[in-house]
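So the protein sequences, as listed, match chains P and A.
Start counting the first sequence at 8; every next residue gets the next number (this note's numbering).
Start counting the second sequence at 54; every next residue gets the next number (this note's numbering).
Backbone N, C-alpha and C define an ideal beta-carbon position, used for all residues, glycine too.
In this text, all values refer to a predicted model and were calculated from it rather than measured experimentally.
Working notes for the structure below.
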Amino acid sequence: DAGITQSPRHKVTETGTPVTLRCHQTENHRYMYWYRQDPGHGLRLIHYSYGVKDTDKGEVSDGYSVSRSKTEDFLLTLESATSSQTSVYFCAISDRVGAEETQYFGPGTRLLVL
Amino acid sequence: SQQGEEDPQALSIQEGENATMNCSYKTSINNLQWYRQNSGRGLVHLILIRSNEREKHSGRLRVTLDTSKKSSSLLITASRAADTASYFCATGNSGNTPLVFGKGTRLSVIA
């Protein structure tokens, strides 16, 4: 987990409220990712970023938005949280994408939407 | 959609035994990687094998890749209780697309 922090680590919120999760890295890596992990589904990509202000959708992007205004920070926002977004969210970073890519993961954020 | 599919979903062995996990994938790849996840933690990269390699070793880990069968296996020899974790395969392509992770195998090593 060195070099990657996620905040908050745990959050309980109510349906319909906005939620923002933060990923912060000190490695100066170009690529950053947001995943969600659910039982039976493994790890699914929500959004990723390949540079400041450059983002793209992943497999399960509906209901989520992201922003990256600085190299070190990647924010994930649930505009109006739903119970189906209860999950563990992981941020990851890498210095390349595709061939020879290795990802480094943060410690995760447990989100419960009531 | 997920590219890799690990098998078995769960595996329970005695300490000292070998553990073998398999990963099958659907499309051509540039490389295949294995990651470990301890309970409540993020994934940690273990090993990467390129598409032109057939076998790779790292300590007690042995990974094989058969591109004709689109499958890989991870062997952990002389397992320890500390090896208890979930193991994920991930496939990498040569283009600008991110890694695609499988659903994982839960390994329990009983002391």
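- Nearest to R94/A by alpha-carbon distance, out of H17/P, R37/P, F112/P, is F112/P.
- Around K156/A, the beta-carbon contacts reaching into chain P at under 9 Å are G47, H48, G49, L50.
- Residue P61/A holds the alpha-carbon nearest to the alpha-carbon of T73/A among L152/A, N83/A, T137/A, P61/A.
- For R117/P, the CB contacts under 6 Å within the same chain, skipping 5 residues up- and downstream, are H17, V95 in chain order.
- A63/A has its alpha-carbon roughly 12 Å from the corresponding atom of F141/A.
- For the region 130-149 of chain A, residues whose beta-carbon sits nearer than 7 Å to a beta-carbon of chain P comprise F141, G145, N146, S147, G148, N149.
- S125/A is a Cβ neighbour of V116/A, given a cutoff of 8 Å.
- The way I'd put it, the region 52-62 of chain P doesn't touch the region 78-85 of chain A; fewer than three beta-carbon pairs between them come closer than 8 Å.
- With distances taken between CA atoms, R51/P lies nearest to E66/P out of R37/P, E66/P, M39/P.
- Within chain P, the residues whose beta carbon sits less than 9 Å from that of G95/A are D8, I11, Q13, F97, C98, A99, Y111, F112, G113, P114, G115, listed in sequence order.
- When DSSP states are grouped into helix, strand and coil, Q13/P belongs to the strand group.
- Counting along the chain, the unbroken beta strand (DSSP E) around Y71/P starts and ends at 71-77.
- For S124/A, the three-state secondary structure derived from DSSP is strand.
- Between the alpha carbons of G157/A and I129/A lies a distance of about 15 Å.
- Taking the beta carbon of L64/A as reference, no residue of chain P falls within 7 Å; the closest one sits roughly 16 Å away.
- Under a criterion of Cβ atoms nearer than 9 Å, the residues of chain A adjacent to Y55/P are, in order, P151.
- For a Cβ distance threshold of 8 Å, nothing in chain A lies close to Y71/P: the least Cβ distance comes to about 16 Å.
- Between L152/A and Q32/P, the gap from beta carbon to beta carbon reaches 8 Å or more.
- Contact check for L118/A against W87/A fails: the beta carbons are separated by 8 Å or more.
- DSSP places A143/A in the uninterrupted beta strand (DSSP E) bounded by 138-145.
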